[in-house]
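Just so you know, the sequence shown maps onto residues 105 to 430 in the numbering used here.
Working notes for the structure below.
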Amino acid sequence: MRRALLALPLLAAAPSEPVVTSPAPTAVAVTVYRNPYTSDGGRLDLRYLAGFALVTETRTIRLPAGPATLRFEGVADGIVPVSAIVAGLPGGVIEKNRDARLLSPASLVDGYLGRRVTLTRTDRKSGKVRVEEAVIVAGPAGGVVVRTPEGVEALGCAGLGDKPRYPAVPAGLTAGPVLSVETVSPRAATATVTLSYLASEFDWSASYVATLRPDGRSLDLFAWLTLANGNAQAFPAAEVQAVAGRLNRRDQRYRVVVAPLRLDCYPLGTTTSDLRERTRETEDIVVTGSRVVMPAAIMASPPPPPPPPPPPPEDLGDLKLYRVPE
Numbered sequence: 105m106r107r108a109l110l111a112l113p114l115l116a117a118a119p120s121e122p123v124v125t126s127p128a129p130t131a132v133a134v135t136v137y138r139n140p141y142t143s144d145g146g147r148l149d150l151r152y153l154a155g156f157a158l159v160t161e162t163r164t165i166r167l168p169a170g171p172a173t174l175r176f177e178g179v180a181d182g183i184v185p186v187s188a189i190v191a192g193l194p195g196g197v198i199e200k201n202r203d204a205r206l207l208s209p210a211s212l213v214d215g216y217l218g219r220r221v222t223l224t225r226t227d228r229k230s231g232k233v234r235v236e237e238a239v240i241v242a243g244p245a246g247g248v249v250v251r252t253p254e255g256v257e258a259l260g261c262a263g264l265g266d267k268p269r270y271p272a273v274p275a276g277l278t279a280g281p282v283l284s285v286e287t288v289s290p291r292a293a294t295a296t297v298t299l300s301y302l303a304s305e306f307d308w309s310a311s312y313v314a315t316l317r318p319d320g321r322s323l324d325l326f327a328w329l330t331l332a333n334g335n336a337q338a339f340p341a342a343e344v345q346a347v348a349g350r351l352n353r354r355d356q357r358y359r360v361v362v363a364p365l366r367l368d369c370y371p372l373g374t375t376t377s378d379l380r381e382r383t384r385e386t387e388d389i390v391v392t393g394s395r396v397v398m399p400a401a402i403m404a405s406p407p408p409p410p411p412p413p414p415p416p417p418e419d420l421g422d423l424k425l426y427r428v429p430e
């Protein structure tokens, strides 16, 4: 019995693995693959982007000696975790996971079930504001139920402008998607790591303008590329490439959907009062204008020089690779 009691403090004192967070990459390259089954003249449907991209990020991280958890923040929402490849770690990769618990109104309510929050309530008739304590007793599915000093009520159903305030963000919630990697480094070091992964919700399309020359036998062809990114994460100053052709790949889409918070006061429809649906009133649009006389010197300014021609496409097996100039 004494040995067991002595072992408990030793187990409790065991240190946890350190967590190393990489907030953003120092360089990004994005190669966009087009949806091979695009119809409707090749126009992009921003509600359903069925293409994908290969994202390659360069990050600099400081590794402690021994086991550690690396958190790569700022990855794309549609990241495919099983496709992630991390190169440059001295100890390699033991395990990788995508942290799917994203910060949202619904996840905040879920994280504070049974806990105390602060409600700021505004009377819509008098405009008076009062602050009171409340405990979330149910939610977020179907609505939020709170217990206040006046009793139990559904949040947002008392005719008041209710704004809940939370003391802190619940543990485990992140504002954006995070890729976690477990590793064991033989020594403390600063490493330059390359993270590559596939991500959904990308696509591209091409548009062309043909101008017939005066000889009537030849024409000038102008084309431009339109890139679409359906992820919340942007990639500023990224090196962009586009791949044309049909790639042999299974149609699998990976995306974590953040559940919205719905405040349904009467989800069963038990209190019917023939309420009219709210309609948007039409608004008048007034357009005003004035004529401005420009000086002749300004009007005669020469046009800017044309941009340099893009590089020719490269062969990528049966596909074509187009490098987008900066």
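We put the CB at the ideal spot given by N, CA and C, even for glycine.
Remember, predicted model here, so these are calculated numbers, not experimental data.
- Here tyrosine 312 is exposed, its C-beta having fewer than 16 other C-beta atoms within 10 Å.
- Contact between serine 289 and glycine 195 is confirmed by a C-beta separation of about 5 Å, below the 8 Å threshold.
- By the Cβ-count criterion, threonine 296 is exposed, with fewer than 16 other Cβ atoms from all chains shown falling within 10 Å of its own Cβ.
- In the three-state DSSP reduction, serine 187 falls in the helix class (H, G or I).
- Taking a C-beta distance under 8 Å as the contact criterion, leucine 420 and aspartate 307 do not qualify as a contact pair.
- In the same chain as tyrosine 141, and ignoring 5 residues on each side of it, the C-beta atoms closer than 8 Å to its own belong to Ala154, in chain order.
- Measuring C-alpha to C-alpha distances from valine 132 to each of Pro408, Ala157, Val123, Ala169 identifies Ala157 as the nearest.
- In the three-state reduction of the DSSP assignment, leucine 351 falls in the coil class, being assigned neither a helical nor a strand state.
- Annotation: alanine 131 is outside any alpha helix (DSSP H); the continuous beta strand (DSSP E) that includes it extends over 131-137.
- Classified as buried, alanine 188 has 16 or more neighbouring CB atoms from the shown chains inside 10 Å of its CB.
- With contacts defined by Cβ atoms closer than 8 Å, arginine 166 and threonine 287 do not form a contacting pair.
- Excluding sequence positions up to five before and after valine 179, its CB lies within less than 6 Å of the CB of Pro281, Leu283, all in the same chain and listed in chain order.
- Nearest C-alpha to valine 123 among Pro168, Thr130, Tyr152: Pro168.
- In the three-state reduction of the DSSP assignment, alanine 210 falls in the helix class.
- Contact between arginine 220 and valine 239 is confirmed by a C-beta separation of about 5 Å, below the 8 Å threshold.
- Across the set Ala128, Lys232, Arg251, the C-alpha of Ala128 shows the shortest separation from the C-alpha of leucine 174.
- About 5 Å separates the beta carbon of valine 197 from that of valine 190, a gap short enough to meet the 8 Å contact definition.
- Within the same chain, Ala133 come within 6 Å of glutamate 343 by CB-CB distance, once the 5 residues on both sides are set aside.
- Non-local C-beta neighbours of glycine 349 in its own chain, meaning closer than 7 Å and more than five positions away in sequence, comprise Asp422, Leu423, Lys424, ordered along the chain.
- In this chain, the beta strand (DSSP E) harbouring threonine 222 covers 220-227.
- Counted as a single uninterrupted DSSP element, the beta strand (DSSP E) harbouring serine 304 occupies residues 293-316.
- When rounded, the separation of the alpha-carbon atoms in proline 406 and serine 126 is 48 Å.
- As a beta-bridge residue in DSSP terms, glutamine 345 pairs with Thr135, Arg427.
- Straight-line spacing of the CA atoms in threonine 224 and serine 230 works out to 15 Å.
- Each of Lys267, Gly170, Ala314, Arg138 was checked against the Cα of alanine 292, and the nearest Cα belongs to Gly170.
- The Cβ atoms of threonine 162 and threonine 135 lie no closer than 8 Å to each other.
- Proximity to glutamate 430 across Ala346, Ala341, Leu299 peaks at Ala341, based on C-alpha coordinates.
- The Cβ-Cβ distance between leucine 329 and tyrosine 137 does not fall below 8 Å.
- Under the three-state reduction of DSSP, glycine 320 is assigned to coil, being neither helix nor strand.
- In the three-state reduction of the DSSP assignment, glycine 255 falls in the strand class, which pools E and B.
- Close CB contacts of alanine 242 within its chain, under the 8 Å cut and outside five residues either way in sequence, are with Leu217, Val248, Val249 (chain order).
- Between aspartate 214 and proline 253, the CB-CB gap reaches or exceeds 8 Å.
- Note on geometry: alpha-carbon atoms of glutamate 177 and alanine 346 lie some 25 Å from one another.
- Shortest Cα-Cα distance from proline 417 to any of Pro408, Val428, Pro409 involves Val428.
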